[in-house]
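Enquirer:
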Amino acid sequence: MTPLLSVQGVTKRYGAHIGCADVSFDLYPGEVMGIVGESGSGKSTLLNCMAGHMAPDAGKVVFDTRTDGPRDTLTMSEPERRMLGRTDWAFVHQHARDGLRMGVSAGGNVGERLMAVGARHYGDIRARATDWLERVEIAPGRIDDRPTTFSGGMQQRLQIARNLVTGPRLVFMDEPTGGLDVSVQARLLDLLRGLVRDMGLSAIIVTHDLAVVRLLADRLMVMKSGHVVEAGLTDRVLDDPQHAYTQLLVSSVLQV
Amino acid sequence: MTDQAYNFAYLDEQTKRMIRRAILKGLAIPGYQVPFASREMPMPYGWGTGGVQVSAAVLTPDDRFKVIDQGADDTTNAVSIRSFFERTAGVATTTVTTEATVIQTRHRIPEVPLAEGQILVYQVPIPEPLRFLEPRESETRKMHSLEEYGLMHVKLYEDIARHGHIATSYAYPVKVEGRYVMDPSPIPKFDNPKLADCPAIQLFGAGREQRIYALPPYTQVVSLDFEDHPFEASRADHPCGLCGAVDSYLDEVITDDAGGRMFVCSDTDYCETRQAAGHRGKDAA
Ligand SMILES: Nc1ncnc2c1ncn2[C@@H]1O[C@H](COP(=O)(O)OP(=O)(O)OP(=O)(O)O)[C@@H](O)[C@H]1O
Ligand SMILES: [Mg+2]
Ligand SMILES: [Zn+2]
Numbered sequence: 106m107t108p109l110l111s112v113q114g115v116t117k118r119y120g121a122h123i124g125c126a127d128v129s130f131d132l133y134p135g136e137v138m139g140i141v142g143e144s145g146s147g148k149s150t151l152l153n154c155m156a157g158h159m160a161p162d163a164g165k166v167v168f169d170t171r172t173d174g175p176r177d178t179l180t181m182s183e184p185e186r187r188m189l190g191r192t193d194w195a196f197v198h199q200h201a202r203d204g205l206r207m208g209v210s211a212g213g214n215v216g217e218r219l220m221a222v223g224a225r226h227y228g229d230i231r232a233r234a235t236d237w238l239e240r241v242e243i244a245p246g247r248i249d250d251r252p253t254t255f256s257g258g259m260q261q262r263l264q265i266a267r268n269l270v271t272g273p274r275l276v277f278m279d280e281p282t283g284g285l286d287v288s289v290q291a292r293l294l295d296l297l298r299g300l301v302r303d304m305g306l307s308a309i310i311v312t313h314d315l316a317v318v319r320l321l322a323d324r325l326m327v328m329k330s331g332h333v334v335e336a337g338l339t340d341r342v343l344d345d346p347q348h349a350y351t352q353l354l355v356s357s358v359l360q361v
Numbered sequence: 013m014t015d016q017a018y019n020f021a022y023l024d025e026q027t028k029r030m031i032r033r034a035i036l037k038g039l040a041i042p043g044y045q046v047p048f049a050s051r052e053m054p055m056p057y058g059w060g061t062g063g064v065q066v067s068a069a070v071l072t073p074d075d076r077f078k079v080i081d082q083g084a085d086d087t088t089n090a091v092s093i094r095s096f097f098e099r100t101a102g103v104a105t106t107t108v109t110t111e112a113t114v115i116q117t118r119h120r121i122p123e124v125p126l127a128e129g130q131i132l133v134y135q136v137p138i139p140e141p142l143r144f145l146e147p148r149e150s151e152t153r154k155m156h157s158l159e160e161y162g163l164m165h166v167k168l169y170e171d172i173a174r175h176g177h178i179a180t181s182y183a184y185p186v187k188v189e190g191r192y193v194m195d196p197s198p199i200p201k202f203d204n205p206k207l208a209d210c211p212a213i214q215l216f217g218a219g220r221e222q223r224i225y226a227l228p229p230y231t232q233v234v235s236l237d238f239e240d241h242p243f244e245a246s247r248a249d250h251p252c253g254l255c256g257a258v259d260s261y262l263d264e265v266i267t268d269d270a271g272g273r274m275f276v277c278s279d280t281d282y283c284e285t286r287q288a289a290g291h292r293g294k295d296a297a
């Protein structure tokens, strides 16, 4: 089977400082990959390099495109990469305000990606926005309210709806449950798990939180100082960690 | 009559050449915002210094110049700009649309169809149609270059969601020749159809924002809309109180302290020409 995403030797330096170094892995369709590690270990750097938000210094990020098969997204033209970014790819930010338009209604936020790919029927756009609000458990009556009037958990769910409405094949998430209350986190995790399962989504999830990867990720990469120190099936890594750093993480000595 | 302390039309020849280059580039790429080095003009920005600089660059001694502000030739703004060019360029002026070769305007397109050989110069406060939702200029420039215009429809979507219809009634965004999305300056959307397929040259100057853009004659200009909420060039549903016109854009005018009001053509030349030809509205004296 062709990997949906093949990451090969991705390296990013900030001056002399290492952001992430020589990271390689394959992600297969329908798989969820978790990336864990302490603060500053390079998780976001890696994610941003993969999602095209940042140009790595070395490496390839090969995506199995619908029309042309596997393509290195780093050498694609910018219009092609941006097109991927609003069709087959989605990016869920830790802070909903980075991923939402706070001055636009919930319906407009969800509809934006549809309009970006050419939807021009107001009634259809609204119907699909309503459907997606329901799927992320936001009352359809809130469709014309701005996200500023939503709770943190609702904003995060709105951000997810806005990203998934075009049926992306790969979702990047950076700490999607970070900064939320524990009970709100649990509800969001259940929702994400349901969506991943129902839509057969492939996803890469960055998190500090081992409970998040336990619940969502098929496989896990553990990062330290920009390097991947251990990788494998989630249960194997968490239940039988091989690397000393992973053992520390799992024993929660390093848990934030 | 010309004040000889100034070069013809106030600006020096080098500046005018620079502005003409921007105009030519704008005409070559209809709807594209061309940056230019806007000069200080002896008037405040709100008075249309972008339009004034464009007019200065296109005027020749043989031109006949008209200035309208919201359709009227006699507002302070229009009178000042007209007399500025009378003084600095010595050009003939007129209030009659059909006689003018260069018309500078704020907020309106004349009612009488423009003709080949005429130039309409718009004063533009904010040239960037994507500004209200995306304040970063680096990003809006990218959106234009990559034709990423979904955001324009988000604005129209928000209008319908809030008001039940597209409530944007001024500066209504258009797509030019199927390529660039353009802000037509704050003209009423009633005027949008006149932008399209127009025999005259249309030039847009934004002074503070240092941008010039243009529509060459007979350019395709389409107002953005949704399939189920099509664009409508609406006007107040009255005849003009003075000339009885039913096809012109109207201003509501308060006539007395008791709250009396009437609707009259905003294009004063159009209204006066019709009255001179014997047309009368119900409020005509
Ligand atoms: N823009 C930047 N300029 C310089 N150094 C940076 C920049 N962004 C990140 N770094 C550094 O690169 C390393 C990796 O940072 P990164 O943000 O990827 O870590 P992270 O694992 O996402 O951390 P966190 O869990 O706190 O979000 C850190 O040492 C960080 O200080
Ligand atoms: Mg991070
Ligand atoms: Zn009239």
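These protein sequence lines map, in sequence, to chains A and B. My numbering puts the first sequence at residues 106 to 361. My numbering puts the second sequence at residues 13 to 297. For glycine and all other residues, C-beta sits at the position ideal for the given N, C-alpha and C. In this text, all values refer to a predicted model and were calculated from it rather than measured experimentally.
Using CA coordinates, which residue listed in B:189, B:285, B:172 is at the minimum distance from residue 181 of chain B?
Expert: In the second sequence, counting from the first residue as 1, residue 181 of chain B sits at position 169. Closest by alpha carbon: B:172.
Enquirer: Report yes or no: do three or more beta-carbon pairs, one from the segment 347-355 of chain A and one from the segment 161-174 of chain A, lie closer than 8 Å?
Expert: no
Enquirer: In the DSSP assignment, find the unbroken alpha helix (DSSP H) run with residue 294 of chain A in it and report its ends.
Expert: Here residue 294 of chain A is taken as the residue at index 189 of the first sequence, counted from 1. 287-304 is the span of the alpha helix (DSSP H), which, as asked, contains residue 294 of chain A.
Enquirer: Kindly indicate the opening and closing residues of the beta strand (DSSP E) around residue 335 of chain A.
Expert: By 1-based counting over the first sequence, the position of residue 335 of chain A is 230. Element bounds for residue 335 of chain A: 332-338.
Enquirer: Measure the beta-carbon distance from residue 196 of chain A to residue 156 of chain A and round it to whole angstroms, keeping in mind my assumption that it falls under 8 Å.
Expert: Translated into positions along the first sequence, residue 196 of chain A becomes position 91. Translated into positions along the first sequence, residue 156 of chain A becomes position 51. Indeed, because the Cβ distance is near 5 Å, the residues count as touching under 8 Å.
Enquirer: For the segment 21-28 of chain B and the segment 192-205 of chain B, state whether three or more C-beta atom pairs, one from each stretch, are separated by less than 8 Å.
Expert: no
Enquirer: Who are the Cβ neighbours of residue 257 of chain A in its own chain at under 6 Å, not counting the five residues just before and after it?
Expert: As a working mapping, residue 257 of chain A is identified with position 152 in the first sequence. Answer for residue 257 of chain A: 285, listed in chain order.
Enquirer: By how many angstroms is the C-alpha of residue 249 of chain B removed from the C-alpha of residue 83 of chain B?
Expert: For the purposes of this step, residue 83 of chain B is taken as the residue at position 71 of the second sequence. For the purposes of this step, residue 249 of chain B is taken as the residue at position 237 of the second sequence. Rounded to whole angstroms, residue 83 of chain B to residue 249 of chain B spans 19 Å at the Cα level.
Enquirer: May I ask you to report which of helix, strand or coil DSSP gives residue 127 of chain B?
Expert: Numbered from 1 along the second sequence, position 115 holds the residue referred to as residue 127 of chain B. Note: residue 127 of chain B maps to coil in three-state DSSP.
Enquirer: Evaluate the contact criterion for the segment 242-252 of chain A versus the segment 197-214 of chain A: three or more CB pairs, one atom per stretch, below 8 Å.
Expert: yes
Enquirer: Strictly closer than 7 Å from CB to any heavy atom of ligand 2: give me those residues in the order they appear in the chain.
Expert: A:148, A:149, A:279, A:280, A:311
Enquirer: Give a yes or no on contact between the segment 273-291 of chain B and the segment 127-145 of chain B, applying the rule of three or more CB pairs nearer than 8 Å.
Expert: no
Enquirer: Using C-beta distances below 6 Å, list every residue in its chain close to residue 216 of chain A, excluding the 5 sequence neighbours before and after it, in chain order.
Expert: In the first sequence, residue 216 of chain A corresponds to position 111, counting from 1. Excluding residues within five positions, the ones whose Cβ falls inside 6 Å are 230, 234.
Enquirer: Cβ of residue 237 of chain A within 9 Å of Cβ of residue 266 of chain A?
Expert: Here residue 237 of chain A refers to the residue found at position 132 when the first sequence is read from its first residue. Here residue 266 of chain A refers to the residue found at position 161 when the first sequence is read from its first residue. In contact: residue 237 of chain A and residue 266 of chain A (Cβ atoms closer than 9 Å).
Enquirer: Give the interface partners of residue 249 of chain A over in chain B, defined as CB-CB distance under 8 Å, in chain order.
Expert: For the purposes of this step, residue 249 of chain A is taken as residue 144 along the first sequence, with counting starting at 1. Simply 173, 174.
Enquirer: Note down the Cα distance separating residue 342 of chain A from residue 144 of chain A, rounded to an integer number of angstroms.
Expert: Along the first sequence, one-based indexing puts residue 342 of chain A at 237. Along the first sequence, one-based indexing puts residue 144 of chain A at 39. Looking at the two C-alpha atoms, the distance is approximately 19 Å.
Enquirer: Along chain B, which residues have their Cβ under 9 Å away from the Cβ of residue 213 of chain A?
Expert: The residue labelled residue 213 of chain A in the question sits at position 108 within the first sequence. Near residue 213 of chain A (Cβ distances below 9 Å), the residues of chain B are 166, 167, 169, 170, 173.
Enquirer: Kindly indicate if chain B contains any beta-carbon less than 9 Å away from that of residue 159 of chain A.
Expert: Taking the first residue of the first sequence as position 1, residue 159 of chain A is located at position 54. With 9 Å as the cut-off, residue 159 of chain A does not count as an interface residue toward chain B.
Enquirer: Is residue 244 of chain B close to chain D? Criterion is C-beta to C-beta, closer than 9 Å.
Expert: Looking for chain D here will not work: the only protein chains present are A and B.
Enquirer: Rank B:70, B:63, B:55, B:52 by C-alpha distance to the C-alpha of residue 36 of chain B and give the top, closest one.
Expert: As a working note, residue 36 of chain B is residue 24 in the second sequence. The shortest Cα separation from residue 36 of chain B among B:70, B:63, B:55, B:52 belongs to B:70.
Enquirer: Give me the Cα-Cα distance between residue 151 of chain B and residue 268 of chain A, rounded to the nearest whole angstrom.
Expert: Working through the second sequence from its first residue, we reach residue 151 of chain B at position 139. Working through the first sequence from its first residue, we reach residue 268 of chain A at position 163. Straight-line Cα distance between these residues: approximately 20 Å.
Enquirer: Is there a Cβ from chain A that is less than 9 Å from the Cβ of residue 140 of chain B?
Expert: One-based indexing of the second sequence puts residue 140 of chain B at position 128. Output row for residue 140 of chain B: interface = no.
Enquirer: Which residues does DSSP pair with residue 116 of chain B in a beta bridge?
Expert: One-based indexing of the second sequence puts residue 116 of chain B at position 104. According to DSSP, which records beta bridges pairwise, residue 116 of chain B is partnered with B:79, B:133.
Enquirer: Alpha carbon to alpha carbon, what distance is there between residue 178 of chain A and residue 125 of chain A?
Expert: Your numbering for residue 125 of chain A matches position 20 in the first sequence. Your numbering for residue 178 of chain A matches position 73 in the first sequence. So the alpha carbons of these two residues sit roughly 18 Å apart.
Enquirer: Hey, residue 151 of chain A and residue 274 of chain A: beta-carbon distance below 9 Å or not?
Expert: For this step, residue 151 of chain A is matched to residue 46 along the first sequence. For this step, residue 274 of chain A is matched to residue 169 along the first sequence. The answer is no: Cβ separation not under 9 Å.
Enquirer: Roughly how many angstroms separate the alpha carbons of residue 184 of chain B and residue 164 of chain B, rounded to a whole number?
Expert: Reading the second sequence from its first residue, position 172 is the one you call residue 184 of chain B. Reading the second sequence from its first residue, position 152 is the one you call residue 164 of chain B. Taking C-alpha positions only, residue 184 of chain B is separated from residue 164 of chain B by approximately 10 Å.
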